[in-house]
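Q: Per my numbering, the sequence shown starts with residue 88, numbered consecutively.
Before we start, here is the structure in question, set down as C-alpha cells.
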Amino acid sequence: MSEAKKIAVAGATGRLGRHVVDVLTERGHRVVSMSRATGVDIVTGEGLAEALEGVDVVIDAASTPSPDQQVATEFFTAAARNLHEAGQKAGVGRMVVVSIIGIDGSVAGYNAAKLEHERAVLAGPVPVRVLRAAQFNEFVEQLTQWGRQGDTVYVPKMRTQLVAARTVAEALVDLAEADAAPGARAPFPQVAGPREESLEEAARLLMSHRDPSAKVVALSDPANPERDLFENGGLLPGAGARLAGPTFEEWVGAGF
C-alpha cells in the first residue's frame with residue numbers, strides 16, 4: 088500500500104464521490120469529505136479554505152444534476168477556480184479530476200461543459216491529473232428518468248462501454264496515490280467497462296427490473312450536434328484504456 092495521505096474529496100456524497108471515499112478509507116488514507124452536506128460548497132467557495140488545511144491531494148468527483156450546457160459549464164468552471172485558489176493557498180500538491188471519454192469534439196450539452204472543465208482545471212496553478220471515464224452504469228437510470236414520458240422511456244441512441252462508478256473510483260485513487268502517473272496532459276488515461284454496450288439495451292434491462300411495463304425507445308435526433316459522437320463509437324475507449332468489470336448486466340443483477 089502507498090503511504091497514507093490526507094485526501095479531500097469534492098462531491099463526496101455523490102454517485103461517484105461516495106465510492107471514492109470508500110476506496111480511500113479502505114486503503115488507509117485520511118479523508119476529508121467535501122459537499123454541501125458537510126458545509127463545503129466548491130461553487131461559492133464556502134468552507135473550502137478550512138477543509139483543505141493540511142490536504143495533500145484533492146480528488147474532484149463533483150458534478151451537477153443539470154444536463155444544460157450553460158448551467159453545467161458555470162458549475163464546473165467556478166469549482167475549478169475555487170479549488171485551485173484555495174488549494175494553492177493550502178499547499179495542496181495535486182488535484183485528480185474525472186472527465187469523459189471522447190469529448191474532444193463536443194460542442195453541446197454536458198459533454199461540452201466537461202471539456203471546458205478540463206481546460207479550466209489544467210490552466211490552474213495546482214498540478215492536475217485528468218482521468219477520462221466511460222458513462223457510468225448509474226448514468227443509465229438518470230437518463231431513463233430524464234426521458235420518461237408516461238409509460239415510455241426515451242433515450243438517445245448511443246454506443247458506450249458502461250463502467251461501474253466503483254471501478255472509476257479505484258482508478259481515481261490510483262492516480263491520487265502514485266508519485267508519477269499520466270493525466271497532466273493529453274492523451275489522458277481512460278477507464279471503461281469490459282465490453283461495448285448499447286444504451287437502449289442497457290435501459291431496457293434496467294427497466295425490466297424496475298418497471299417491466301415501461302417501453303424503451305432509442306431516439307436518433309438529426310438536430311443533435313452530438314449525434315455522430317453518440318452513435319458512431321466516439322464515446323468508446325481507445326487502445327490502452329483500463330477495462331474492468333462488472334458488466335452492466337452483472338451490475339444490475341447484483342442489485343447495484
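Even for Gly, the Cβ is constructed at its ideal location relative to N, Cα and C.
A quick note: this is a predicted structure, and the numbers were derived from the prediction, not measured.
Could you check whether residue 223 and residue 184 sit closer than 8 Å to each other, using their CB atoms as the reference points?
A: No, they are not a contact pair.
Q: Excluding five sequence neighbours on each side, which residues of the same chain lie with their C-beta closer than 6 Å to the C-beta of residue 104?
A: 96, 98 and 148
Q: With H, G and I counted as helix, E and B as strand and the rest as coil, what does DSSP make of residue 284?
A: strand
Q: Along the alpha helix (DSSP H) that carries residue 112, what are the first and last residues, could you check?
A: 104 to 113
Q: Taking the DSSP output, what are the residues bridged to residue 147?
A: Looking at the DSSP output, residue 147 shares a beta bridge with 97 and 184.
Q: Kindly indicate which residue of 334, 196, 179 and 271 has the alpha-carbon position closest to the one of residue 285.
A: Of the residues 334, 196, 179 and 271, the one whose Cα lies closest to the Cα of residue 285 is 334.
Q: Using the beta-carbon count (16 or more within 10 Å), is residue 194 buried or exposed?
A: exposed
Q: Considering only C-alpha positions, which residue in the set 136, 246, 258 and 314 is nearest to residue 107?
A: 258
Q: Use the C-beta contact count for residue 159: other C-beta atoms within 10 angstroms, 16 or more gives buried, fewer gives exposed.
A: buried
Q: Starting from residue 323, trace the alpha helix (DSSP H) both ways and give me its first and last residue.
A: Taken as a continuous stretch (DSSP letters only), residue 323 belongs to no alpha helix (DSSP H), as it is neither H nor E.
Q: DSSP three-state call for residue 130: helix, strand or coil?
A: Coil.
Q: Quick test of the definition: if touching needs 3 or more C-beta pairs under 8 Å, does the region 236 to 255 touch the region 304 to 322?
A: yes
Q: According to DSSP, simplified to helix, strand and coil, what is residue 117?
A: Look at residue 117 here: in three-state DSSP terms it is strand.
Q: Using 8 Å for Cβ pairs, my map puts residue 167 next to residue 234. What's the rounded Cβ distance?
A: Not really, about 29 Å apart at Cβ, beyond 8 Å.
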